[in-house]
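Under the working numbering, the first residue of the sequence shown is numbered 3, with each subsequent residue one higher.
For every residue, glycine included, the Cβ atom is placed at its ideal position computed from N, Cα and C.
Given the structure is predicted, the values throughout are model-derived calculations rather than measurements.
Here's the structure, in structure tokens; my notes come after.
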Amino acid sequence: MTTQTHGFQTEVQQLLQLMIHSLYSNKDIFLRELISNAADAADKLRFKALEHAELYEGDGDLKVRVRADKDKGTLTISDNGIGMTEAEVVEHLGTIAKSGTKAFFQNLSGDAAKDSQLIGQFGVGFYSAFMVADEVEVHSRAAGQKEAVLWRSRGEGTFETGPSDKQGRGTDIILHLKEEEKGFLDSWKLEQVIHTYSDHIGVPVELYKDAKKEGEEGAFEAINQGTALWMKAKSEVKDEDYISFYQHISHDFGEPLTWSHNKVEGKHEYTSLLYIPKNAPWDLYQRERQHGLKLYVKRVFIMDDAEVFLPQYLRFVKGLVDSADLPLNVSREILQDSKLTQSMKGAISKRVLGMLEKLAKDKPEEYAGFWKNFGTVLKEGPAEDFANREAIAALLRFHSTHHDDTEHLVSLDDYVGRMKEGQDKIYFVVADSFNAARFSPHLEVLRKKGYEVLLLSERIDDWMMSHLTEYQGKQLVSATRGELDLEVSEDEKDAEKALEGLLARVKDSLGEQVTEVRFTHRLSESPACVVTSEHGMSSQMAKLLASVGQSAPTVNYVFELNPEHPVVKALESREGEAFDDSVGLLFDQALLAERGSLEDPTGFVKRLNKLMLGSL
Ligand code: ADP
Ligand code: MG
């Protein structure tokens with residue numbers, strides 16, 4: 003092995019810059035990161051040794067040791083885990099392999115406070131050592147290898163690799179602490195930080211107290227017990243333990259919103275510990291984002307991000323499952339096809355929905371915060387998880403004509419509780435914006451009757467509502483689609499009779515632009531509106547498809563006229579061009595209200611100008 007100098011990947015250099023200059027508020031976490039890497043290394047060795055017991059080399063007592071040397075000003079974190087080969091050291095400690103790294107760097111704003119939040123979410127990892135050290139050495143001997151490798155860097159663009167004289171298996175990380183960070187050499191400080199972050203990881207962490215001499219009996223003192231937190235009885239675990247464990251597995255600085263710890267017995271036996279975060283990670287909407295639960299089998303760590311245990315719409319959930327039934331050599335492919343994992347996924351989904359239901363009931367304000375961060379993700383639920391549609395629907399929140407503002411949200415239960423005598427349906431409208439929904443002409447008659455209407459305007463809403471047809475036995479009906487079978491009064495019938503010949507003339511004038519022209523009683527203020535047929539494609543869906551580059555079938559509009567509106571009554575007496583222009587204008591304004599834009603704005607402007615000149 004020769005000594006070589008390597009350059010860091012550009013992203014690593016950027017990360018190091020940020021780490022050293024911006025992330026100063028919470029330096030303690032470097033120890034959490036390094037201890038967590040050491041614990042991961044122990045997990046990995048344990049897993050590999052299941053098939054290759056010889057990798058233990060007679061030393062199966064896996065642990066992490068922390069040692070401060072006040073004379074040298076160094077802090078060393080050692081483990082006897084899997085270790086790294088020369089190639090692995092170069093790859094793992096010179097690049098960032100995580101998916102989404104590029105996107106992460108594009109997300110940085112240049113605002114130090116915001117960016118340090120982002121870094122936290124990204125997982126700061128090994129490089130956080132440079133927050134407190136001006137030089138870092140890594141000595142590592144991989145399990146099964148004879149030679150150890152040295153990695154050394156000052157965090158300034160390059161690192162060096164070469165031979166190391168380390169004997170034992172595993173990794174020593176030696177931090178040469180910056181002058182102003184020497185406080186981390188105090189054992190009380192170390193003890194406190196280790197307690198905070200590493201109390202419940204699955205390997206013992208021992209601290210060498212520098213009052214004693216190395217090699218002496220009892221020189222290292224166990225700080226944590228190295229027992230997996232999730233195996234303890236709930237009554238033995240304090241809230242702060244759950245919170246620090248969350249921070250350990252999620253790399254989130256913040257606290258979780260809520261959690262649930264369960265031991266399931268019976269046909270399948272497993273333990274789950276599930277957390278709902280308070281804050282959304284920066285990459286929640288990135289397609290390639292890793293998500294899922296940590297998987298353990300009988301306390302042996304198997305894999306991160308086991309996504310088979312969670313549906314996509316619950317991808318914000320963090321936590322773990324520890325199964326007693328799965329084989330230790332389980333792979334992602336096997337998990338995918340296993341009946342057992344499918345049944346666990348079903349149970350875990352139910353559990354998470356139950357947690358959210360409880361939160362919504364007991365702590366509505368916290369639930370509102372959750373909804374703000376994760377509501378859009380939850381909206382994928384009705385389409386993805388048919389079996390739990392009703393439970394998901396109960397968790398949805400909507401703007402509504404009841405409050406008529408963007409501040410208040412209502413649930414379907416609120417809505418149902420307020421339904422009028424004789425009202426048997428839940429009405430909603432999907433439009434391009436809150437105001438477009440709120441001022442939609444389709445709402446006029448419903449408002450007049452005092453019926454509440456849910457106002458939806460997010461991109462996903464139309465798609466979501468197409469999968470949500472019923473709640474508590476009540477049909478969900480779009481105010482813009484199909485006929486609203488509302489009762490028609492005698493006056494309204496008379497108004498229609500008076501204009502009998504009009505419909506055919508209007509259809510003639512508009513030709514292929516509409517599939518049908520008919521009278522409506524859903525309007526009171528507006529003269530006309532367009533509706534999409536009950537089973538056809540809606541304008542919002544067509545827009546959504548167009549925005550992702552898909553060709554959508556053309557939307558078939560039905561043109562509806564309000565027979566009681568003076569403008570419509572006035573149509574009757576018009577002839578020829580004046581009739582066509584008037585009909586054109588009515589149709590344009592109806593389209594404008596529905597879609598927010600026109601395909602032929604010039605024609606609209608021409609007709610409007612004619613109108614202003616009084617020639618209509
Ligand atoms: P992460 O832990 O999220 O993968 P880190 O930056 O913390 O990111 O670590 C990068 C990689 O370096 C790890 O995935 C692992 O492969 C390797 N590594 C770090 N510390 C150790 C260690 N003590 N023993 C073995 N490998 C390690
Ligand atoms: Mg790490």
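- Spatial neighbours of Ala144 in its own chain (CB-CB distance under 6 Å, excluding positions within 5 residues in sequence) are listed in chain order as Gly85, Met86 and Thr87.
- Distance from Thr160 to His8 at the Cβ level is roughly 6 Å; contact confirmed, criterion being Cβ atoms closer than 8 Å.
- A straight line joining the alpha-carbon of Leu179 with that of Arg34 spans about 16 Å.
- Within the segment 312-360, the complete beta strand (DSSP E) runs of at least 3 residues fall at 320-325.
- For Gly9, the enclosing beta strand (DSSP E) begins and ends at Gln6 to Gly9.
- Taking 7 Å as the cut-off, the C-beta of Ser38 counts as close to a heavy atom of ligand 2.
- Spanning the alpha carbons of Ser526 and Val447 requires a straight line of approximately 6 Å.
- Annotation for Val14: no beta strand (DSSP E) segment contains it, though the alpha helix (DSSP H) segment containing it runs Thr12 to His23.
- For Val490, there is no enclosing alpha helix (DSSP H), as DSSP marks it with neither H nor E.
- Around the beta carbon of Gln591, a 10 Å sphere encloses 16 or more other beta carbons of the protein chains shown; the residue is thus reported as buried.
- The three-state reading of DSSP puts Ile98 in coil, since its state is none of H, G, I, E or B.
- Annotation: Gly598 to Ala40 spans about 57 Å, alpha carbon to alpha carbon.
- If you check the CB distance, Ile304 and Leu312 do not come in under 8 Å.
- With a cut-off of 7 Å, the C-beta of Glu335 is classified as distant from ligand 1, since no heavy atom of the ligand falls inside that distance.
- Ser189 and Leu259 have their C-alpha atoms roughly 33 Å apart.
- In this structure, DSSP gives Glu223 an extended state, which the three-state scheme calls strand.
- For Gly578, the closest C-alpha among the options Asp510, Gln552 and Val607 is that of Asp510.
- Phe128 has its Cβ nearer than 7 Å to a heavy atom of ligand 2.
- The beta carbon of Glu566 lies closer than 6 Å to those of Ala497 in the same chain, with the five residues before and after it left out.
- Using a 10 angstroms sphere on the CB of Asp81, the tally of other CB atoms reaches 16 or more, which defines it as buried.
- Note on the segment 144-218: whole beta strand (DSSP E) runs with a minimum of 3 residues are 150-155, 160-166, 172-179 and 207-210, in chain order.
- Per DSSP, the unbroken beta strand (DSSP E) holding Gln477 starts and ends at Lys476 to Ser480.
- Under the three-pair Cβ rule at 8 Å, the segment 194-209 does not count as touching the segment 156-172.
- In the displayed model, Lys265 falls within a strand according to three-state DSSP.
- For Ile31, the enclosing alpha helix (DSSP H) stretches over residues Ile31 to Ala51.
- Between Thr403 and Leu470 the beta-carbon gap is near 19 Å, outside 8 Å, which marks them as no contact.
- The three-state reading of DSSP puts Pro443 in helix, counting H, G and I together.
- Around the beta carbon of Tyr287, a 10 Å sphere encloses fewer than 16 other beta carbons of the protein chains shown; the residue is thus reported as exposed.
- A distance criterion of 7 Å places the beta-carbon of Asp42 in contact range of ligand 1, judged by its closest non-hydrogen atom.
- Taken through DSSP and simplified to helix, strand or coil, Ile79 comes out as strand.
- In this structure, DSSP gives Val432 an extended state, which the three-state scheme calls strand.
- When Ala548, Pro529, Glu223 and Ser549 are compared, the shortest CA-CA separation from Leu563 is found for Pro529.
- Between Ile251 and Leu322, the CB-CB gap stays under 8 Å.
- Leaving aside the five residues that flank Glu460 on each side, the residues in its chain whose CB is nearer than 8 Å to its CB run, in chain order, Thr378 and Lys381.
- Secondary structure note for Phe561: its beta strand (DSSP E) is the uninterrupted segment Tyr559 to Leu563.
- Per the coordinates, the alpha-carbon of Glu137 lies some 22 Å from the alpha-carbon of Ala43.
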